[in-house]
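To start, the structure under review is shown below, and the notes come after it.
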Amino acid sequence: MAAPSTGPGILWVTSKIVQPEHLSESTYLSWYDNEHIPEILSVTPVTSLFRFRHVDPNADRPYLVTCPLQSITDASEFRKTSVKSAILPDENGVKGGSPHDCADLELRLYELVQKYEPNGAEATLGKTRTIVTGGFDLNDEVPEQEFHDWYDKEHLEKLSKLPGYLRTTRYKLLSYRTNADTRGVKGLPSRPQDEAAERKQPTKFHAVHEFSIDVEEMDNKAAMETIGTDWAKRIFANATKSEYGVYKLEKSFGDGKYFH
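Residues 74 to 333, numbered by this note's numbering, are exactly what the sequence shown covers, in order.
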């Protein structure tokens with residue numbers, strides 16, 4: 074049996090408010106910014122976090138918080154954080170609830186497999202305004218090594234020529250938890266709506282491309298050309314599942330480093 078990974082990784086938490094009659098966006102984000110994230114920085118080894126918003130106002134999960142981990146084992150330290158908050162409502166609207174009462178949070182744990190920084194790490198620090206994310210599962214026609222070779226020998230270089238491009242980090246999924254899973258881990262009672270929710274396995278491979286410009290400034294035509302090659306078409310044709318998202322950075326916390 075392979076030893077568990079102890080290298081760097083990332084916690085990737087997407088969420089949505091499911092009971093807006095009780096939980097407003099302003100209260101939810103205030104909990105993140107003023108309680109939860111400062112507590113993480115205080116009681117865990119984590120030194121930076123980032124809060125993003127999906128650029129599509131109709132996105133199913135508009136909120137994203139990313140937490141770089143110098144060691145994947147640091148994820149276990151999150152058990153020290155508070156389960157409930159005085160400002161959050163429970164599912165009946167009574168203050169003193171958990172974020173998992175009126176919001177639905179999906180948590181993914183990834184290991185870092187690659188950093189691509191054509192201009193060096195320090196040159197990009199603090200400049201990220203937009204991230205473009207892509208995820209893949211592939212069938213047996215494309216071996217894993219070929220997928221990595223496509224990035225290394227073709228795709229990343231093409232991306233680096235896009236206006237505003239900064240860097241790319243790539244990841245491999247280790248585990249994920251639904252809102253119901255996390256409720257169980259935290260000792261919160263099971264609810265019918267959680268148990269009935271569909272489980273959607275995330276893609277195995279995940280990439281985060283950072284840009285120094287806003288999404289409105291991005292060259293979509295040039296971006297599409299990066300996946301117009303024969304090799305890229307082969308990758309996409311053999312993808313059994315794919316994910317795509319564009320997010321704007323709303324706030325950063327801590328030292329602002331994202332594996333820099």
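We put the beta carbon where it would ideally sit given N, CA and C, even for glycine.
When you compare only the Cα positions, how much space is there between residue i and residue j?
{"i": "P191", "j": "Y105", "result": "33 Å"}
{"i": "I90", "j": "S149", "result": "25 Å"}
{"i": "T299", "j": "K157", "result": "45 Å"}
{"i": "P118", "j": "D147", "result": "7 Å"}
{"i": "C175", "j": "N107", "result": "18 Å"}
{"i": "Q274", "j": "S103", "result": "29 Å"}
{"i": "G82", "j": "S97", "result": "31 Å"}
{"i": "T242", "j": "R256", "result": "30 Å"}
{"i": "R250", "j": "M297", "result": "32 Å"}
{"i": "N293", "j": "G199", "result": "24 Å"}
{"i": "A305", "j": "W223", "result": "7 Å"}
{"i": "L229", "j": "T201", "result": "17 Å"}
{"i": "T120", "j": "F220", "result": "32 Å"}
{"i": "D328", "j": "L261", "result": "33 Å"}
{"i": "C140", "j": "A253", "result": "21 Å"}
{"i": "E283", "j": "E94", "result": "35 Å"}
{"i": "T154", "j": "V116", "result": "7 Å"}
Can you list, in chain order, the residues of its chain with a C-beta nearer than 6 Å to that of residue i? Leave out the 5 residues immediately preceding and following it.
{"i": "F209", "result": "T276, F278, A312 and S315"}
{"i": "I110", "result": "L122 and F326"}
{"i": "L137", "result": "T87, F125 and Y320"}
With DSSP run on the structure shown, which of helix, strand or coil describes residue i?
{"i": "S171", "result": "coil"}
{"i": "V186", "result": "strand"}
{"i": "F353", "result": "This structure does not reach residue 353, given that the chain is present from 74 up to 333, and the question cannot be answered."}
{"i": "V345", "result": "The requested residue 345 does not occur in the structure, where the chain is confined to residues 74 to 333."}
{"i": "V215", "result": "coil"}
{"i": "V203", "result": "Per the sequence shown, the amino acid found at residue 203 is Thr instead of Val. In the structure shown, T203 sits in a strand (DSSP, three-state: E or B)."}
{"i": "S325", "result": "strand"}
{"i": "T146", "result": "helix"}
{"i": "H342", "result": "Any property of residue 342 remains undetermined from this structure, which presents the chain solely from 74 to 333."}
{"i": "E195", "result": "helix"}
Should residue i be flagged as near chain B, meaning a C-beta pair shorter than 8 Å?
{"i": "P135", "result": "The structure shown contains no chain B; it holds only a single protein chain."}
Following the continuous alpha helix (DSSP H) through residue i, name the residue where it begins and the one where it ends.
{"i": "A305", "result": "D303 to A310"}
{"i": "S99", "result": "E98 to W104"}
{"i": "K294", "result": "N293 to E298"}
{"i": "S115", "result": "I110 to V116"}
{"i": "E341", "result": "Since the first residue of the chain shown is 74 and the last is 333, residue 341 is not available in this structure."}
Less than 8 Å between C-beta atoms, sequence neighbours within five positions excluded: which residues of the same chain meet that for residue i?
{"i": "K168", "result": "A159, I160, L161 and P162"}
{"i": "M74", "result": "Summary for M74: the model assigns pLDDT 31, below 50, so the residue's position carries little reliability; its value from the coordinates is reported in the next sentence. Closer than 8 Å at the Cβ level, and outside the excluded window around M74, lies no residue."}
Ignore the nearest five residues each way along the sequence and tell me which others in residue i's own chain have a CB closer than 7 Å to its CB.
{"i": "G318", "result": "H127 and T206"}
{"i": "T302", "result": "E227"}
{"i": "P135", "result": "K89, R126 and H127"}
{"i": "A194", "result": "H333"}
{"i": "R181", "result": "W85, L246, Y249 and P275"}
Over what stretch of residues does the beta strand (DSSP E) that includes residue i continue unbroken?
{"i": "P141", "result": "Y136 to L142"}
{"i": "V86", "result": "G82 to I90"}
{"i": "E290", "result": "Looking at the DSSP string, E290 is not in any beta strand (DSSP E), and its letter there is neither H nor E."}
{"i": "V281", "result": "F278 to F284"}
{"i": "S78", "result": "No beta strand (DSSP E) contains S78, which DSSP labels as neither H nor E."}
{"i": "S121", "result": "S121 to H127"}
_beta strand (DSSP E) runs wholly inside the region 229-255, at least 3 long, in chain order_ = Segments of the beta strand (DSSP E) lying fully in the region 229-255: 238-250.
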